[in-house]
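Per my numbering, the sequence shown runs over residues 70 to 504.
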Amino acid sequence: MWPATGAAISTRRQDLDDALVRLASLHPQKIDLSLGRLQRLLTALGNPQDHLPPTVHVAGTNGKGSTCAYLAEMARTKGERVHIYTSPHLVNFNERILLDSTPVDDKTLIEAFARCEAANFGEPITFFEITTAAALLLFSEHPADRLILEVGLGGRFDATNVIARPALSVITPVSLDHQEFLGTDLRQIAREKAGICKFGVPVVVGNQVDDAEAAILDEAAKVGAPAFVWGRDYNAYIQHGRLIYEDESRVWDLPAPGLLGPHQILNAGAAAAAGIANATWPARLQSITRGPLGEIARKAGAELWLDGGHNEAAAKALSHALADMDEREERPLVIIAGFSPNKDVTAWCSQFSGLARRLIAVEFKSGRGGSQPAQDVVAACQAGGVTAEIASGLIPAMKKAAKEHPAPRILIGGSLYLAGEALALGDAPPHRTPG
């Protein structure tokens, strides 16, 4: 144990400074972007990169640090212990390596550097490579629930890219950056950033200019990394002083980012998407038994179910679940549905052709664009093979549905916004909880 005296702390700081100077002296005469030097050292250290907590790997040009900060705070809010690796530092090198969200102490860092120096045997290696090796060594030896790992430069040949299979990858906005190493145009640079994509590992793609997004998606497709893309799969914006995050399955009403500037909306949105993309969510099909809607169902001897899925795949899964219910207890199925603009209502409804007796179309006012007109929903449903009619709202629709004989099974679906309005009428809040 180091004595907690001013002299000891001063000596330890000097020892750390000396170690940093020695590590810098190992820098190669000529820099080539390569992982070979680091992989050699990591092999000598016992491959600590293969023994890390579940890792979120973050690349990009702008917003990497802020996104890492949001991700770490989200994890801590869930009670997770979080390791964090970022660069550069502001005052002390220790800021780059956070063990359980606390900068590594001088003694622990000096010892890790010494082990890396010994294993390196004086071979040429960049300062970032050998200090990354020390970070990975420490992360592997200190238990945690999550590691947030920020890329230093580029992605494909960055020292952090020795991680074979992170839990999740994130690419924040890409712009012209380090052209001498990464390429002279935006597409080339974006491809290098997308070099962190791995087979089967989801990648959250932040707001990008068209050329960068196209290059990133091309690289992700080549390696088989499923992409979750800003503006296509998720969005975030400020409304009434709150950060609203939305994707195809959910809407979150969150506190506004603590960091200032409109760009922080992009960073916080990407972090929220990252927090969701690798999470496990329970089944959305929810029984409603209380409130005015539940009371209408109870009096009619009906079942009432709620689901926010609104694309064809979600409807297919939902129809299978309802068909299974029907095998156990046969009831006529009536659907009450509303849809956001630009949703493929015909494709959704076609999954219930032959299963649903009819669909009652309603409109809702929540969301940025409101809902599709009920008459358009009716036409689209009938094209999908389901008889449809219109009601002026959820309560009138429920009263219509409850008259189906015998006691029906009623589904409210087609939109998370409609599901939210149904819950707001008085039943319990949604039971979905991030895993």
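Virtual Cβ for every residue (Gly too), placed ideally from N, Cα, C. Just so you know, these numbers come straight off a predicted model, no measurement behind them.
Start and end residues, beta strand (DSSP E) containing residue i
| i | result |
| --- | --- |
| residue 130 | First-last for residue 130: undefined, no H or E at that position. |
| residue 239 | 237-240 |
| residue 119 | Run containing residue 119: none; DSSP gives neither H nor E here. |
| residue 482 | 478-482 |
| residue 152 | 151-154 |
| residue 301 | Unbroken run through residue 301: none, as it is neither H nor E. |
| residue 315 | 311-316 |
| residue 258 | Not the beta strand (DSSP E): residue 258 falls in the alpha helix (DSSP H), residues 255-262. |
| residue 392 | No beta strand (DSSP E) contains residue 392, which is instead part of the alpha helix (DSSP H) from 381-397. |
| residue 27 | Here the chain has residues from 70 to 504 only, and residue 27 is not among them. |
| residue 464 | Here residue 464 belongs to no beta strand (DSSP E); instead the alpha helix (DSSP H) covers 463-471. |
Buried versus exposed call for residue i [16 or more other C-beta atoms within 10 Å across all chains shown]
| i | result |
| --- | --- |
| residue 94 | exposed |
| residue 314 | buried |
| residue 474 | exposed |
| residue 356 | exposed |
| residue 195 | buried |
| residue 269 | exposed |
| residue 160 | exposed |
| residue 444 | exposed |
| residue 308 | exposed |
| residue 165 | buried |
| residue 82 | exposed |
| residue 251 | buried |
| residue 504 | Interpretation of residue 504 is limited by its pLDDT of 28, a score under 50 that renders its predicted location unreliable; no figure is taken from the coordinates. |
| residue 204 | buried |
| residue 316 | buried |
| residue 201 | buried |
| residue 276 | buried |
| residue 278 | exposed |
| residue 182 | buried |
| residue 379 | buried |
| residue 241 | buried |
| residue 468 | exposed |
| residue 290 | exposed |
| residue 377 | buried |
| residue 245 | exposed |
| residue 99 | exposed |
| residue 466 | buried |
| residue 461 | exposed |
| residue 129 | buried |
| residue 507 | With the chain represented from 70 up to 504, any question about residue 507 goes unanswered, as that position is not in the structure. |
| residue 189 | buried |
Span of the alpha helix (DSSP H), counted from its first residue to its last, around residue i
| i | result |
| --- | --- |
| residue 452 | 443-452 |
| residue 273 | No alpha helix (DSSP H) holds residue 273; the beta strand (DSSP E) holding it covers 272-274. |
| residue 265 | No alpha helix (DSSP H) contains residue 265, which DSSP labels as neither H nor E. |
Cβ-based neighbour list, residue i, same chain, cut-off 7 Å, excluding 5 preceding and 5 following
| i | result |
| --- | --- |
| residue 305 | 312, 313, 314, 334, 337, 338, 341 |
| residue 538 | What the structure shows of the chain is the stretch from 70 to 504, and residue 538 is not part of that stretch, so it cannot be assessed. |
| residue 137 | 127, 153, 155, 217, 219 |
| residue 392 | 424 |
| residue 390 | 354 |
| residue 394 | 478 |
| residue 96 | 195, 196 |
Integer Cβ distance of residue i from residue j, believed to fall under 8 Å
| i | j | result |
| --- | --- | --- |
| residue 206 | residue 92 | Not confirmed; about 14 Å, so no contact. |
| residue 281 | residue 220 | Between residue 220 and residue 281 the Cβ distance is about 15 Å, and since that is not below 8 Å, they are no contact. |
| residue 107 | residue 228 | 5 Å |
| residue 457 | residue 428 | 4 Å |
| residue 215 | residue 151 | 5 Å |
| residue 489 | residue 435 | 6 Å |
| residue 132 | residue 332 | 6 Å |
| residue 301 | residue 284 | That pair is no contact at about 15 Å. |
Residues near residue i in its chain [Cβ-Cβ closer than 8 Å; skip 5 each side]
| i | result |
| --- | --- |
| residue 491 | 357, 362, 375, 463, 481 |
| residue 407 | 430, 431, 432, 433, 440, 441, 443, 446, 483, 484, 486, 487 |
| residue 368 | 471 |
| residue 226 | 102, 103, 104, 261, 264 |
| residue 211 | 152, 168, 169 |
| residue 111 | 117, 118, 202, 205, 231 |
Contacts around residue i, its chain only, beta-carbon distance under 6 Å, and the 5 residues preceding and following it disregarded
| i | result |
| --- | --- |
| residue 421 | 388, 455 |
| residue 384 | 417, 420 |
| residue 478 | 372, 400, 402 |
| residue 197 | 221, 228 |
| residue 404 | 425, 428, 480 |
| residue 174 | none |
| residue 288 | 260, 263, 266 |
| residue 199 | 92, 185 |
| residue 149 | 214, 215 |
| residue 344 | 143 |
Cβ-heavy atom distance, residue i to the ligand NAD, below 6 Å
| i | result |
| --- | --- |
| residue 378 | The ligand NAD is not among the ligands present in this structure, which contains no ligands whatsoever. |
How about the stretch 116-135 and the stretch 225-235: do they share at least three Cβ pairs that are nearer than 8 Å? The stretch 116-135 makes contact with the stretch 225-235: 3 or more CB pairs, one atom from each, lie closer than 8 Å.
Check whether the stretch 447-458 touches the stretch 362-374, taking contact to mean three or more Cβ pairs, one atom from each stretch, closer than 8 Å. No: fewer than three Cβ pairs fall under 8 Å.
Three-pair Cβ contact test at 8 Å for the stretch 159-177 versus the stretch 134-151: Look at the beta carbons and you see the stretch 159-177 touching the stretch 134-151: at least three pairs across the two are nearer than 8 Å.
Could you check whether the stretch 259-278 touches the stretch 292-299, counting it as contact only if at least three pairs of C-beta atoms, one from each stretch, sit closer than 8 Å? Judged by Cβ distances under 8 Å, the stretch 259-278 makes contact with the stretch 292-299, as three or more pairs qualify.
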